[in-house]
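Chemist:
In this note's numbering, the protein residues as written are 200 to 427.
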């Protein structure tokens with residue numbers, strides 16, 4: 200994240216919008232797939248207000264939970280709402296932990312807000328002992344078309360989009376990677392609530408062909424396992 204993008208998330212009130220998002224939405228389950236019962240230390244970066252950390256704890260995990268975010272209001276919220284979690288304000292480009300400190304490193308709904316994703320992913324992989332997970336939005340999603348024709352509003356939030364074939368050059372070779380797709384129809388395009396979208400995805404979205412979702416899904420979920 201360069202100074203401009205990082206400054207936006209540090210100083211704007213964008214965090215207030217995320218504070219209104221429910222703890223459990225349809226996407227959170229994909230982050231949880233990267234966590235194992237045997238994990239001793241798990242990092243979520245950026246952690247936002249702690250939604251993913253709460254979800255990990257809800258699994259019954261006994262791992263030490265760590266969160267990192269550039270926004271101090273978010274960090275304060277994690278400290279209040281996720282008992283026992285260690286949250287700190289820091290940059291994703293300089294994660295203040297030693298190499299291979301965590302069994303699993305999670306980066307949920309954030310990579311598309313980074314203007315130097317290669318550097319950020321390098322740091323996330325550096326501090327991971329075993330697994331890394333992240334998610335990104337894609338350029339081929341329906342929302343992109345709706346914005347072009349003026350049927351869906353835009354925002355000033357720093358945002359980039361990726362298709363599956365563009366991720367390869369960004370991924371460190373020290374991990375083996377798997378890319379999954381989801382949400383052929385997103386909540387905003389359908390104009391429904393988070394709860395209704397979760398029900399829709401459980402009933403229909405999860406059963407669509409994986410090849411279709413990787414190519415045309417709104418979100419790509421990327422899982423890495425260390426090989427060296």
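All C-beta atoms in this analysis are idealised placements derived from N, C-alpha and C, irrespective of residue type, glycine included.
Looking at residue 372 and the ligand PLP, is the gap between the Cβ and the nearest heavy atom below 7 Å?
Modeler: Looking for the ligand PLP in the displayed structure turns up nothing, as the structure carries no ligands at all.
Chemist: What's the C-alpha gap between residue 369 and residue 274?
Modeler: Spanning the two alpha carbons is a distance of roughly 28 Å.
Chemist: Under a CB-based cut-off of 8 Å, is residue 417 close to chain C?
Modeler: No chain C appears in this structure, which consists of one protein chain only.
Chemist: Ordered along the chain, which non-local residues of its own chain (more than five positions away) have a Cβ less than 8 Å from that of residue 328?
Modeler: Around residue 328: 299, 300, 301, 302, 425.
Chemist: What distance in whole Å lies between the Cβ atoms of residue 326 and residue 356, which are believed to be in contact at a cut-off of 8 Å?
Modeler: That belief does not hold up - the Cβ atoms of residue 356 and residue 326 are roughly 26 Å apart, past 8 Å.
Chemist: Inspect the CB distances between the region 397-409 and the region 303-317 and report whether three or more fall short of 8 Å.
Modeler: With a cut-off of 8 Å, the region 303-317 and the region 397-409 do not count as touching, because too few Cβ pairs lie within range.
Chemist: For residue 237, which of 259, 393, 319, 400 has the nearest alpha-carbon?
Modeler: Considering only alpha carbons, the answer is 259.
Chemist: Taking the DSSP output, what are the residues bridged to residue 418?
Modeler: Note: residue 418 sits in a beta bridge opposite 336, 381.
Chemist: Based on the DSSP output, what are the partners of residue 227 in its beta bridges?
Modeler: In the DSSP output, where bridge partners are listed per residue, residue 227 has none listed.
Chemist: Within its chain, find whatever has a CB closer than 6 Å to the CB of residue 416; leave out the 5 residues flanking it on each side and keep chain order.
Modeler: Hits under 6 Å: 380, 381, 382, 383.
Chemist: Could you check the C-alpha separation between residue 280 and residue 249 for me, to the nearest Å?
Modeler: Looking at the two C-alpha atoms, the distance is approximately 8 Å.
Chemist: Could you tell me the alpha carbon to alpha carbon distance between residue 377 and residue 420, rounded to whole angstroms?
Modeler: The straight-line gap from Cα to Cα measures roughly 8 Å.
Chemist: Do the CB positions of residue 418 and residue 334 come within less than 8 Å of each other?
Modeler: Yes. Within cutoff.
Chemist: Tell me the rounded alpha-carbon separation between residue 203 and residue 234.
Modeler: Cα to Cα, the separation comes out at about 32 Å.
Chemist: State yes or no: is the C-beta of residue 270 within less than 8 Å of the C-beta of residue 359?
Modeler: Going by C-beta atoms, residue 270 is not nearer than 8 Å to residue 359.
Chemist: With a threshold of 6 Å on Cβ separation, who are the neighbours of residue 285 within its own chain once the five nearest residues in sequence on each side are excluded?
Modeler: Once the five neighbours on either side are set aside, the close Cβ partners of residue 285 are 265.
Chemist: Using three-state DSSP, classify residue 367 as helix, strand or coil.
Modeler: Residue state, collapsed to three classes: helix.
Chemist: Report the three-state DSSP secondary structure of residue 426 (helix, strand or coil).
Modeler: In the structure shown, residue 426 sits in coil (DSSP, three-state: anything other than H, G, I, E or B).
Chemist: In the DSSP assignment, find the unbroken beta strand (DSSP E) run with residue 301 in it and report its ends.
Modeler: Unbroken beta strand (DSSP E) run through residue 301: 301-306.
Chemist: By alpha-carbon positions, which one of 254, 272, 242 ends up nearest to residue 263?
Modeler: When each option's Cα is compared against that of residue 263, the closest is 242.
Chemist: Assuming residue 361 and residue 230 are in contact, meaning their beta carbons sit under 8 Å apart, how far apart are those beta carbons, in whole angstroms?
Modeler: Between residue 230 and residue 361 the Cβ distance is about 17 Å, and since that is not below 8 Å, they are no contact.
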